[in-house]
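The structure under discussion appears below in the form of structure tokens.
Numbering (this note's numbering), first residue to last: 104 to 282.
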């Protein structure tokens, strides 16, 4: 039997965007329809995205996303600012944000303004709480056969996502959610 390990429940609230731009030439043709993709490679269900805000350079999202993380590992939040289009969404910019140390406890909410280019910024809030749900399992607590199965499945899913989503897909198989 595999023993369960405690984890940290991390909540990332995407509050708003300010001065979202595609660049001066891009803005002349089309006002952005922004959304944000959040990715935490080591988390189950590691990929989340906000709703699309049509023709809005100052979107108000106020959306919260929950991730479960191993407190003994270092974590990096990958954020991509995107522009929704009818044919193919446009990647505007990406940023990485270290979550170490995790802001555990209600009084320790961490607010960040993430700058994506000279003008575009996204305001976020990060909070974390210890979580000891006995039904939550990390891949490091699995037997070797289960770990191998998950590894092979993630590689296959990554290949399929790469062919379907192109550059919007995870960069490597380790970023694919452990389903």
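For every residue, glycine included, the Cβ atom is placed at its ideal position computed from N, Cα and C. Since the structure is predicted, the reported quantities are computational estimates derived from the model, not experimental observations.
Exercise. What's the C-alpha gap between residue 242 and residue 272?
Worked result: Note on residue 242: pLDDT 47, under 50, position unreliable in the model; the coordinate value appears next. Their Cα atoms are separated by approximately 22 Å.
For this session: State the start and end residues of the unbroken beta strand (DSSP E) segment that holds residue 274.
Result: No beta strand (DSSP E) holds residue 274; DSSP gives it neither H nor E.
Exercise. When we look at the beta-carbon of residue 237 and count the other beta-carbons within 10 Å, is it buried (16 or more) or exposed?
Worked result: Note that residue 237 scores a pLDDT of 49, beneath 50, so its modelled location is shaky and nothing firm can be said.
Problem set entry | Terminal residues of the beta strand (DSSP E) in which residue 182 lies | 179-186
Problem set entry | Cβ neighbour criterion (16 or more within 10 Å) applied to residue 204 | exposed
Exercise. Counting along the chain, where does the beta strand (DSSP E) carrying residue 147 start and finish?
Worked result: Per DSSP, residue 147 belongs to no beta strand (DSSP E) and is neither H nor E.
For this session: Reducing DSSP to helix, strand and coil, say where residue 248 ends up.
Result: helix
For this session: Out of 183, 211, 231 and 253, point me to the one whose CA is closest to residue 219's CA.
Result: 183
Exercise. Are three or more beta carbon pairs between the segment 246-262 and the segment 148-160 nearer than 8 Å?
Worked result: no
For this session: State buried or exposed for residue 189, treating a residue as buried only when at least 16 other CB atoms are found within 10 Å of its CB.
Result: exposed
Problem set entry | Nearest-angstrom Cα separation, counted from residue 253 out to residue 118 | C-alpha separation (whole angstroms): 34 Å.
Exercise. Looking at residue 145 and residue 176, is the spacing between their C-beta atoms short of 8 Å?
Worked result: With a cutoff of 8 Å on beta-carbon distance, residue 176 and residue 145 are scored as near each other.
Exercise. What does DSSP give as the partner residues of residue 229 in its beta bridges?
Worked result: 115 and 213
For this session: Just tell me which of 148, 201, 195 and 169 has its CA closest to the CA of residue 180.
Result: In terms of CA proximity to residue 180, 201 leads the group 148, 201, 195 and 169.
Exercise. Taking just the CA atoms, how far does residue 142 sit from residue 112?
Worked result: Those two C-alpha atoms are separated by around 15 Å.
Exercise. Buried or exposed: residue 250, going by 16 or more other Cβ atoms within 10 Å of its Cβ?
Worked result: Burial check for residue 250: the Cβ neighbour count within 10 Å stays below 16, so the residue is exposed.
Exercise. Buried or exposed: where does residue 216 fall if 16 or more other Cβ atoms within 10 Å of its Cβ makes it buried?
Worked result: exposed
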